[in-house]
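Numbering (the numbering used here), first residue to last: 12 to 651. All C-beta atoms in this analysis are idealised placements derived from N, C-alpha and C, irrespective of residue type, glycine included. Since the structure comes first, as structure tokens, the remarks are kept for the end.
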Amino acid sequence: MDQSENQTSNPRIRAGARTITDIIETRLDRRGFLGGLAATGGLFATGCTTTSSVVSTELEDAPSGFSFQEIMRGVDETHHVPDGYTSDLLIRWGDPLFNDSPAFDPYNQSEAAQLKQFGYNNDYLGFVSLGETAEGQPHGLLCVNHEYVSTPLMQPDVAADYPNSMTEARCLTEMAAHGGSVVEIVQTETGWAPVVGSKYNRRITAHRTPMELTGPAAGAKRLQTKEDPSGRLVAGTMNNCAGGITPWGTWLMAEENFNGNFLGELPADHPEAENHERYGVPGGWYQWGRHIDRYDVSKEPNEPNRFGWVVEVDPMDPRSTPKKRTALGRFKHEGAESVIAPDGRVVLYMGDDQRFDYVYKFVTAGRYTPDAPTANRDLLDEGTLYVARFYEDGGLEWIPLVFGEGLLTPENGFNSQADVLIETRRAADLMSATPMDRPEDVEPDPRTGKVWVMLTNNHRRTEDEVDAANPRANNRFGHVIEITEPEGDFTATQSRWEILVRCGDPDVAEIGATWNPLTSDQGWFGSPDNCALDPQGRLWIATDGNEGTGAADGVWAMDTSGDRRGTGRAFFRAPIGAEVCGPRFTDDGRTLFVAVQHPGDGDGASFEAPTTRWPDFDDALPPRPSVLALRRLDGGPVGS
Ligand code: FEO
Ligand code: CA
Ligand code: CA
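Have a look at this one:
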């Protein structure tokens with residue numbers, strides 16, 4: 012279907028020729044809308060607030076939290092924003108960060124150049140405001156994760172002799188493109204721009220940035236290697252996906268698909284073999300292990316145990332040593348957004364992005380001390396890691412993963428809390444956590460006590476494996492869960508949950524989507540991945556995999572209350588091949604930063620033949636992952 016022909020907003024509602032009752036009745040006929048709801052626990056479990064008995068034409072005028080004009084569904088070579096908005100091309104892969112950074116030259120890439128340039132595949136975006144410059148211009152630090160590299164898109168002439176084409180020099184360039192960047196940015200009259208040479212600017216990379224392992228697992232024998240007999244020092248971080256900014260202004264980088272960076276084989280009876288199997292190590296996605304022993308598990312079996320953590324970075328001090336906080340567990344971390352509980356403890360919410368893996372939260376033992384950043388410096392080293400068990404009746408239990416409790420005992424191979432943390436997944440398996448449909452970003456809202464969970468998809472779930480919290484077999488388009496922590500107490504161990512929306516095309520009955528019927532033709536989407544709350548507490552969702560619906564990935568605003576609860580509204584569309592990461596608002600809500608990741612990707616796409624050359628559209632340049640700053644032309648709050 013050529014969806015680029017669709018209207019900007021829902022013509023059925025806009026034309027006024029059909030009432031909302033007509034629309035619902037049509038959809039009832041076409042896809043058994045209410046029947047689908049009843050099968051999964053009724054309206055409560057879907058987040059839909061309308062029924063045929065209460066629907067009236069007044070709902071057509073039901074207020075939305077948003078007032079921008081939707082963009083059209085579709086897919087093409089560039090990005091799109093609504094009328095009345097503009098986008099600043101803030102920074103691209105290869106752009107300079109330092110005064111001595113070499114100019115971007117994609118045909119002559121090197122580790123040395125990449126270490127001084129913005130990295131590849133921007134993912135998480137954090138923003139730490141620095142107030143205003145002496146000239147009165149807003150400025151701050153953008154903290155950017157560089158999740159991974161798309162080897163054939165990034166480097167020329169890779170395919171012909173792969174993997175032999177991946178020389179050590181090329182592998183080192185890839186490692187330098189991983190990790191993260193801190194870059195000072197400033198808003199001038201013409202838009203947001205990087206401050207090249209700022210004293211804050213920093214590159215953090217997979218191979219060259221020394222890091223400290225801290226917390227209960229630090230120093231454990233299973234973290235010791237030939238290069239690091241202490242088990243406390245790691246060179247680098249990699250596959251940093253969604254993350255967080257703590258209340259004390261540090262940046263959390265979540266290590267996600269670290270397994271992909273390892274090669275080699277372990278004998279089946281090796282003590283780490285079962286552990287590595289549970290994490291998919293070695294993934295063999297990169298050739299680093301051909302050249303450097305630590306990325307070959309047969310030569311350094313403990314090295315993978317030193318990845319899969321949450322890394323804390325002080326963006327204000329480019330000389331500071333990042334800390335891998337082992338108390339937060341080891342898995343394919345996605346997101347680490349935090350909130351201060353009423354008693355002052357800090358709670359972090361995290362997903363483990365794998366089919367049938369889990370949702371976690373961590374509650375610090377200590378309390379947050381405002382206005383004393385150093386007092387909070389090591390707050391993340393002590394506390395309790397919980398995993399979520401979702402019940403059919405809408406109850407949710409947070410199960411503590413503590414050595415000696417339940418099945419986490421020597422009889423089951425756990426001899427310390429370090430073991431529990433290094434093998435967090437197996438610990439959660441034993442404690443009967445609920446296997447989810449790929450948990451990605453998880454965002455708490457301190458205003459409401461709500462927690463939004465993005466479940467991106469899971470085409471491997473069978474009918475026999477369906478449960479209330481993961482209600483669809485072959486779930487190709489994901490869903491969004493709303494957790495309610497009782498009375499805003501984020502430390503609670505008994506909570507409630509319901510599904511806000513099951514994603515996908517509401518007009519295709521077999522998909523079983525459950526959007527609010529007021530959702531327009533542009534407003535639905537598939538594969539929710541990253542999310543953000545704006546300063547008004549409104550939810551925004553970015554997708555990774557919406558192309559499965561025939562349209563590009565993008566950002567949608569989402570009503571979560573009132574008669575439009577469960578209604579999406581299309582705000583931003585990425586160029587072909589890209590997913591959208593970030594998103595991140597400035598504190599005043601007047602800028603929305605979005606990270607456009609892997610533009611130009613696609614089946615068979617390469618450096619020589621990408622699906623787009625966004626954002627430069629220069630035949631001499633490959634596509635470049637980039638960060639955009641989206642603003643209203645009149646300077647008002649985004650989305651209002
Ligand atoms: Fe890196 Fe789960 O997305
Ligand atoms: Ca993600
Ligand atoms: Ca993703």
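Per DSSP, what kind of secondary structure is residue i in: helix, strand or coil?
i	result
Leu-183	helix
His-189	coil
Glu-509	strand
Thr-162	helix
Leu-54	In this predicted model, Leu-54 has a pLDDT of only 30, less than 50, meaning its place in the structure is not dependable; the value taken from the coordinates is given anyway. Three-state DSSP puts Leu-54 in a helix.
Ala-123	helix
Thr-530	coil
Phe-269	helix
Ile-11	Because the chain spans 12 through 651 in this model, residue 11 falls outside it and cannot be assessed.
Ala-279	coil
Trp-299	helix
Tyr-360	strand
Gly-499	helix
Asn-541	strand
Ala-376	strand
Ile-433	helix
Thr-597	coil
Lys-232	helix
Gln-128	strand
Asp-40	Caution applies to Asp-40, whose pLDDT of 33 falls short of 50 and renders its modelled position unreliable; the model cannot decide the point.
Asp-33	With a pLDDT of only 34 at Asp-33, under 50, the local geometry of the prediction cannot be trusted, and the value read off the model is given with reservation. It is helical.
Arg-305	helix
Ser-637	strand
Ala-606	strand
Tyr-118	helix
Arg-472	coil
In chain order, what residues of the same chain lie with their CB nearer than 6 angstroms to the CB of residue i, ignoring the 5 residues before and after it?
i	result
Ser-75	Asp-570 and Arg-575
Gly-515	Phe-488, Ile-522, Ala-524 and Gly-537
Gly-613	Gly-588 and Thr-622
Phe-77	Ala-568, Arg-580 and Gly-650
Glu-314	Thr-236 and Arg-305
Asn-286	Glu-434
Give the single residue among the options whose Cα lies nearest to the Cα of residue i.
i	options	result
Ala-484	Arg-366, Ala-439 and Leu-550	Arg-366
Tyr-173	Ala-265, Trp-299, Arg-471 and Pro-258	Trp-299
Glu-713	Cys-592, Trp-567, Cys-182 and Ser-506	No statement about residue 713 is possible, as the shown extent of the chain runs from 12 to 651 and does not include it.
Thr-597	Glu-590, Val-649, Val-566 and Ala-568	Val-649
Ile-82	Tyr-379, Ala-73, Glu-71 and Tyr-96	Tyr-96
Asn-119	Val-92, Gly-260, Gly-647 and Asp-168	Asp-168
Glu-267	Asn-481, His-344, Ala-585 and Ser-331	His-344
Val-92	Lys-127, Val-566 and Glu-223	Val-566
Tyr-369	Asn-212, Glu-238, Gly-190 and Arg-341	Arg-341
Gln-235	Asp-325, Gln-608, Ile-433 and Tyr-297	Ile-433
Ala-568	Lys-335, Gln-547, His-150 and Thr-385	Gln-547
Ala-631	Asp-540, Phe-618 and Arg-437	Phe-618
Asp-228	Leu-141, Phe-318, Asn-527 and Asn-541	The sequence shown places Ala at residue 228, not Asp. That would be Phe-318, whose Cα lies nearest to the Cα of Ala-228.
Gly-593	Arg-84, Gly-137 and Lys-232	Gly-137
Thr-225	Thr-216, Lys-334, Leu-641 and Asp-87	Lys-334
Val-350	Pro-457, Asp-452 and Ala-438	Pro-457
Arg-601	Ala-352, Ala-640, Asp-564 and Val-139	Ala-640
Glu-71	Val-638, Asn-541 and Thr-530	Thr-530
Pro-149	Arg-181, Gly-202 and Gly-275	Gly-202
Leu-603	Ala-73, Gly-190 and Gln-198	Gln-198
Can you list, in chain order, the residues of its chain with a C-beta nearer than 8 angstroms to that of residue i? Leave out the 5 residues immediately preceding and following it.
i	result
Asp-478	Phe-401, Glu-403 and Thr-445
Tyr-397	Tyr-371, Lys-372, Phe-373, Val-374, Trp-409, Ile-410, Pro-411, Leu-412 and Thr-504
Phe-55	Bear in mind that a pLDDT of 28 at Phe-55, under 50, signals an unreliable position, so the number given afterwards is only what the model happens to contain. Excluding positions up to five away in sequence, the list reads Gly-405 and Glu-509.
Ala-480	Phe-401, Thr-445, Met-447, Ile-492, Trp-508 and Ile-510
Just to confirm my understanding: we take residue i, look at its own chain, exclude 5 residues before and 5 after, and list those with CB closer than 7 angstroms. What are they?
i	result
Tyr-131	Trp-104, His-157, Val-160, Met-165, Ala-188 and Pro-636
Pro-221	Leu-244, Ala-246 and Thr-332
Arg-449	Asp-364, Gln-365, Arg-366, Leu-466, Thr-467, Asn-468 and Asn-469
Arg-336	Thr-225, Gly-226, Trp-320, Val-321, Glu-323, Leu-391 and Asp-392
Asn-557	Phe-536, Gly-537, Ser-538, Ala-563, Asp-564 and Gly-565
(message) Does the region 416–426 come into contact with the region 399–408, if we say contact requires no fewer than three beta-carbon pairs (one atom in each stretch) closer than 8 angstroms?
(response) no
(message) Using only Cβ atoms and a threshold of 7 angstroms, which residues come within that distance of a heavy atom of ligand 2? Order them by chain position.
(response) Asp-134, Cys-252, Ala-253, Glu-345, Asp-364, Glu-451, Asp-452, Asp-540, Asn-541, Asp-555 and Cys-592
(message) Using a Cβ distance threshold of 8 angstroms, determine whether the region 534–543 contacts the region 573–582, with at least three qualifying pairs required.
(response) yes
(request) Evaluate the contact criterion for the region 267–277 versus the region 285–292: three or more CB pairs, one atom per stretch, below 8 angstroms. (result) yes
(message) Within 8 angstroms, do at least three Cβ pairs link the region 280–289 to the region 347–364?
(response) no
(message) Taking 8 angstroms as the cut-off, does the region 487–494 touch the region 466–478 (at least 3 CB pairs, one atom from each stretch)?
(response) yes
(request) Flag this pair as touching only if the region 192–211 and the region 97–117 have three or more C-beta atom pairs under 8 angstroms; answer yes or no. (result) yes
(message) With a threshold of 8 angstroms, are at least 3 pairs of Cβ atoms found where one atom belongs to the region 307–316 and the other to the region 247–259?
(response) no
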